[in-house]
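Chains as they are written, first to last, in my numbering: chain A, 5 to 205; chain B, 5 to 205; chain C, 5 to 205; chain D, 5 to 205.
We put the CB at the ideal spot given by N, CA and C, even for glycine.
Working notes, beginning with the structure itself.
Protein chains: 4
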Amino acid sequence: MPKIVDKVQKRKDIALSCQDLIYDVGVKKLTVAQVAKTAGIGKGTVYEYFENKDDIIFEIINIHIQKHHESFLESIKNVETTREKVFHFFKFVMDDSEENLKHFNGYKEYLSVVLSDENYDMKFFNNTCHLFFKEQLKKIIEEGINKNELIDQSINFVDGLMHFEKGVVCAKMTQVEFDAKKACEDFVNNLFDNLEVKNDK
Amino acid sequence: MPKIVDKVQKRKDIALSCQDLIYDVGVKKLTVAQVAKTAGIGKGTVYEYFENKDDIIFEIINIHIQKHHESFLESIKNVETTREKVFHFFKFVMDDSEENLKHFNGYKEYLSVVLSDENYDMKFFNNTCHLFFKEQLKKIIEEGINKNELIDQSINFVDGLMHFEKGVVCAKMTQVEFDAKKACEDFVNNLFDNLEVKNDK
Amino acid sequence: MPKIVDKVQKRKDIALSCQDLIYDVGVKKLTVAQVAKTAGIGKGTVYEYFENKDDIIFEIINIHIQKHHESFLESIKNVETTREKVFHFFKFVMDDSEENLKHFNGYKEYLSVVLSDENYDMKFFNNTCHLFFKEQLKKIIEEGINKNELIDQSINFVDGLMHFEKGVVCAKMTQVEFDAKKACEDFVNNLFDNLEVKNDK
Amino acid sequence: MPKIVDKVQKRKDIALSCQDLIYDVGVKKLTVAQVAKTAGIGKGTVYEYFENKDDIIFEIINIHIQKHHESFLESIKNVETTREKVFHFFKFVMDDSEENLKHFNGYKEYLSVVLSDENYDMKFFNNTCHLFFKEQLKKIIEEGINKNELIDQSINFVDGLMHFEKGVVCAKMTQVEFDAKKACEDFVNNLFDNLEVKNDK
DNA sequence: GATGAATGAGTTTTCATTCAT
DNA sequence: CATGAATGAAAACTCATTCAT
Chain A
5 MPKIVDKVQK
15 RKDIALSCQD
25 LIYDVGVKKL
35 TVAQVAKTAG
45 IGKGTVYEYF
55 ENKDDIIFEI
65 INIHIQKHHE
75 SFLESIKNVE
85 TTREKVFHFF
95 KFVMDDSEEN
105 LKHFNGYKEY
115 LSVVLSDENY
125 DMKFFNNTCH
135 LFFKEQLKKI
145 IEEGINKNEL
155 IDQSINFVDG
165 LMHFEKGVVC
175 AKMTQVEFDA
185 KKACEDFVNN
195 LFDNLEVKND
205 K
Chain B
5 MPKIVDKVQK
15 RKDIALSCQD
25 LIYDVGVKKL
35 TVAQVAKTAG
45 IGKGTVYEYF
55 ENKDDIIFEI
65 INIHIQKHHE
75 SFLESIKNVE
85 TTREKVFHFF
95 KFVMDDSEEN
105 LKHFNGYKEY
115 LSVVLSDENY
125 DMKFFNNTCH
135 LFFKEQLKKI
145 IEEGINKNEL
155 IDQSINFVDG
165 LMHFEKGVVC
175 AKMTQVEFDA
185 KKACEDFVNN
195 LFDNLEVKND
205 K
Chain C
5 MPKIVDKVQK
15 RKDIALSCQD
25 LIYDVGVKKL
35 TVAQVAKTAG
45 IGKGTVYEYF
55 ENKDDIIFEI
65 INIHIQKHHE
75 SFLESIKNVE
85 TTREKVFHFF
95 KFVMDDSEEN
105 LKHFNGYKEY
115 LSVVLSDENY
125 DMKFFNNTCH
135 LFFKEQLKKI
145 IEEGINKNEL
155 IDQSINFVDG
165 LMHFEKGVVC
175 AKMTQVEFDA
185 KKACEDFVNN
195 LFDNLEVKND
205 K
Chain D
5 MPKIVDKVQK
15 RKDIALSCQD
25 LIYDVGVKKL
35 TVAQVAKTAG
45 IGKGTVYEYF
55 ENKDDIIFEI
65 INIHIQKHHE
75 SFLESIKNVE
85 TTREKVFHFF
95 KFVMDDSEEN
105 LKHFNGYKEY
115 LSVVLSDENY
125 DMKFFNNTCH
135 LFFKEQLKKI
145 IEEGINKNEL
155 IDQSINFVDG
165 LMHFEKGVVC
175 AKMTQVEFDA
185 KKACEDFVNN
195 LFDNLEVKND
205 K
């Protein structure tokens, strides 16, 4: 009986072993030879599991986004107020911990690929991610409204908050000496001052 | 004695003749040979006016941003209400005219370079552009407050609006079937409902 | 599994097939494309076995020097008198056989590289070669002294002979109508008239 | 009346102003543009006075050798003993003064050109230089013999000394940590111990 | 005479991908 | 299944030389 290799699993394993590579050397400088060496396999073997170089990059970036998803869902768990929850939502761009910066820089490399190639798959995947997070944010806002923390119109700002976050991400990636934390705090606090229900009698 | 050429002017002329090239073939695929051919000069001549390939790209992109600046300043002239002015501010991402799409796609190529290279000059230039537009937006908002159209806190949303715009730009560049116009209208209208002075006695 | 090639051996094989190239076209005009074609392999393959162009040249020259070493050790075997042995030592510069001229011209190309580049590795290698031949000459002279053919002070001329030889090599390479054979014979005979033990009772 | 330019003089002036260039950047890296800039003239003008790049190099090197000639003739003036005179003859390779090192390195660049190109003019010029110095050395030795300082056979070592010197020059250029001074002193002293007339008794 | 703008041939090097073993 | 040897297209960049003004 021949050894049956779980193609999907091995694909992930290879990508997993290369997760640091993508922001260490950058997507542009990444070579298939490096991937093979890092994964401890032959160059030809890489092509057994991936269509081409872009496919490899795609899978590696998937890991970073996946982990970011998980990290987000984990961090949101025990937070009380809606305002705080939203700040957790912005964690991706505000948190400068080494762990998070890895994912952030992974995403940066991803963006540079999506922008330079006309790759429909990547754009589509980007949609999926966007929708996932939008759904999470929507849930947070809806809960805030239901708990009477936020006024009803708040729901209209879900998309705006999503885009604002993307804009801050972009600014952090492309500007020098940019204070992402301050940018988020200013905006969210000012917006929530308008959206939170005033309980003064 | 041979004619003395205005190096700065010729540099601009070359870049000008290649302004379409950058989004037609993309920054990644652009070759110096193409630039030379398009400008109708020799490959070596290109290097008389530009340091290297990045320098060429930089100059071409400059043109697109320059033209966008001008187009913005022109379009804002005869607009009355602040809300409308802000929509003109978002023209870059909302306007799907061929002319504007050229600049938009030029900027897209620019972003992909800034993201993939660690090019300080480009990042710095990005800062400058950001500040220019922020200044314009600030002026618009301040006028709105002075004319008693907007409440005083509106000034706190300048940065937020800037980032929102960048986020929409990014979304338009990376997502499929994204309606930038709707995104802008929803956010701006909702926000301005909160910021505009209510005159209903 | 693909065949595993002996990288070191193939490196030598490629260089070996190009041994004539180096003095046929000269080090300066030698192109990697030529090397690839001569070796019957692809240009990219050349770079699988060599760091860069200099590395190729280095290996080819190595072959010429290696062969010269061997040829010298072989030729010295059955020679009787010390004076004659020294003449064999000068064989490199005196022998105008096609075979030797190849090595001589190979060495000439080598020198031009060492002189124009500040390449430490090549200089170091040059040292090694120098020491090898100096050791051989020293052995010859010492044997001459031990066999009572030469006076004791002869040992002091080892370095001088080495440099003389290098000087003749240099002259042969850079002067027109230079008679290396005569130059060597004159010097060695005159010197040995002073160094040989006079046995005339 | 048109300005009559002394072509020969201007040629020398240009070369003179570039004399440092040749060992500062090396013959290989030297560009015509640099020459023009250093000489304060246009690139086209360079070609009014020189055939091609090699011609420029030739003229610059001429200066170094010329100056070395002069420096040698000057330094030999007030020297007494023949042995000492010979040491002055070796000044070129023994003297590590900045001034002399300039000429030495100029000559090194020259050699690399002569070795890599099959340039008959340069080789011929090399012959001329060789003969000039040989003549000087011959004169020194002959005087030594006439003054009864040296034995008659000494005249037979003129060529040998010439080649020895070239060998030391070559060694100094191509080996690491080579002590040219010691090499010369050892050889000359040992040789002269055999060539000087013994006045004991 | 003087000049410097224009040129393009020529070279090195990289690397994704293929495929024989 | 696994592999790594082989490949060649592609691209940036240099610079001696020419020649119109």
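Should residue i and residue j be called a contact, given that it needs their Cβ atoms to be closer than 7 Å?
i	j	result
Phe168/C	Phe91/D	no
Cys174/D	Lys170/C	yes
Ile64/B	Ile26/B	yes
Lys112/A	Leu119/B	yes
Val172/B	Ile145/B	no
Thr42/C	Ser21/C	yes
Phe93/D	Leu141/D	yes
Thr178/C	Asn130/D	yes
Leu199/D	Ile155/D	yes
Val36/D	Lys47/D	yes
Val83/B	Lys176/B	no
From this set, the options, which residue's C-alpha is nearest residue i's C-alpha?
i	options	result
Glu153/D	Val173/D, Ile64/D, Glu88/D and Lys185/D	Glu88/D
Gln70/C	Glu147/C, Phe137/C, Val162/C and Lys81/C	Phe137/C
Asp58/B	Leu34/B, Glu147/B and Lys176/B	Leu34/B
Leu135/D	His73/D, Tyr114/D, Glu84/D and Glu189/D	His73/D
Glu3/B	Asp24/B, Phe191/B and Asn194/B	Outside the shown range of chain B (5 to 205) lies residue 3/B, about which nothing can therefore be said.
Asp125/C	Tyr51/D, Val12/D, Phe128/D and Val180/D	Val180/D
Asn160/B	Leu195/A, Thr178/A, Gly164/A and Cys133/A	Leu195/A
Cys133/D	Ser101/D, Glu122/D, Leu115/D and Lys176/D	Leu115/D
Lys32/C	Asp17/C, Gly110/C and Tyr51/C	Gly110/C
Val201/A	Ser158/A, Lys176/A, Met166/A and Phe191/A	Ser158/A
Val117/D	Lys95/D, Ile45/D and Phe62/D	Phe62/D
Ile45/B	Asp100/B, Arg15/B, Lys176/B and His68/B	Arg15/B
Phe108/B	Glu52/B, Lys143/B, Asn66/B and Asp121/B	Asn66/B
Val192/A	Gly164/B, Ile80/B, Asp121/B and Asp197/B	Gly164/B
Tyr53/B	Lys11/B, Val39/B, Glu78/B and Ser79/B	Lys11/B
List the residues of chain D that residue i touches, going by C-beta distances under 7 Å, in chain order.
i	result
Glu189/C	The contacting residues do not exist; Glu189/C stays about 11 Å from chain D at best.
Phe168/C	Gly164, His167, Phe168 and Gly171
Phe108/C	What Phe108/C touches in chain D: nothing, since even the nearest Cβ is about 12 Å away.
Phe161/C	Asn194
Leu77/C	Neighbours of Leu77/C on chain D: none; closest Cβ ~22 Å, over 7 Å.
Hey, could you find the ends of the alpha helix (DSSP H) residue i is sitting in?
i	result
Thr49/D	Lys47 to Tyr53
Asp28/D	Leu25 to Asp28
Cys123/C	Reading the sequence as shown, one finds Asn at residue 123/C and not Cys. Careful: Asn123/C lies outside any alpha helix (DSSP H) and carries neither H nor E.
Ser101/A	Where Ser101/A is concerned, there is no enclosing alpha helix (DSSP H), given that its DSSP letter is neither H nor E.
Phe91/C	Thr86 to Phe93
Gln212/A	Nothing can be reported for residue 212/A: it is not among the residues displayed for chain A, which extend from 5 to 205.
Gly171/D	Val162 to Thr178
Phe191/C	Ala184 to Leu199
Ile61/D	Lys57 to Ile80
Gln38/C	Val36 to Ala43
Closer than 7 Å by beta-carbon distance: list the chain B residues that pair up with residue i, in chain order.
i	result
Val118/A	Thr178
In chain A, which residues lie less than 8 Å from residue i when you measure between Cβ atoms?
i	result
Val31/B	Ser120
Leu25/B	Going along chain A, no residue has its Cβ under 8 Å from Leu25/B, so there is no contact; the nearest lies around 15 Å.
What residues from chain B crowd round residue i, counting only those whose CB sits closer than 9 Å?
i	result
Cys22/A	What Cys22/A touches in chain B: nothing, since even the nearest Cβ is about 18 Å away.
At a CB-CB cut-off below 7 Å, which residues of chain C make contact with residue i?
i	result
Ala175/D	His167 and Lys170
Leu34/D	Here the premise fails: no neighbours, minimum Cβ distance about 11 Å.
Closer than 9 Å by beta-carbon distance: list the chain D residues that pair up with residue i, in chain order.
i	result
Gln157/C	Asn194, Asp197 and Asn198
Run down chain C in chain order and give the residues with a C-beta less than 8 Å from the C-beta of residue i.
i	result
Lys112/D	Leu119
Leu154/D	Result: empty, since nearest Cβ-Cβ is about 13 Å, beyond 8 Å.
Residues of chain C with a CB under 9 Å from the CB of residue i: which are they?
i	result
Leu105/D	Near Leu105/D there are no residues of chain C at all, since even the closest Cβ is about 15 Å away, more than 9 Å.
TODO: Could you please tell me which residues of the region 37-67 of chain C, in chain order, have their CB closer than 9 Å to any CB of chain D?
DONE: Of all residues in the region 37-67 of chain C, none comes within less than 9 Å of chain D when Cβ atoms are compared.
Task: Chain-ordered residues of the region 121-152 of chain C with a beta carbon less than 9 Å from chain D - done: Residues Asp121, Glu122, Tyr124, Met126, Lys127, Phe128, Asn130, Asn131 and His134.
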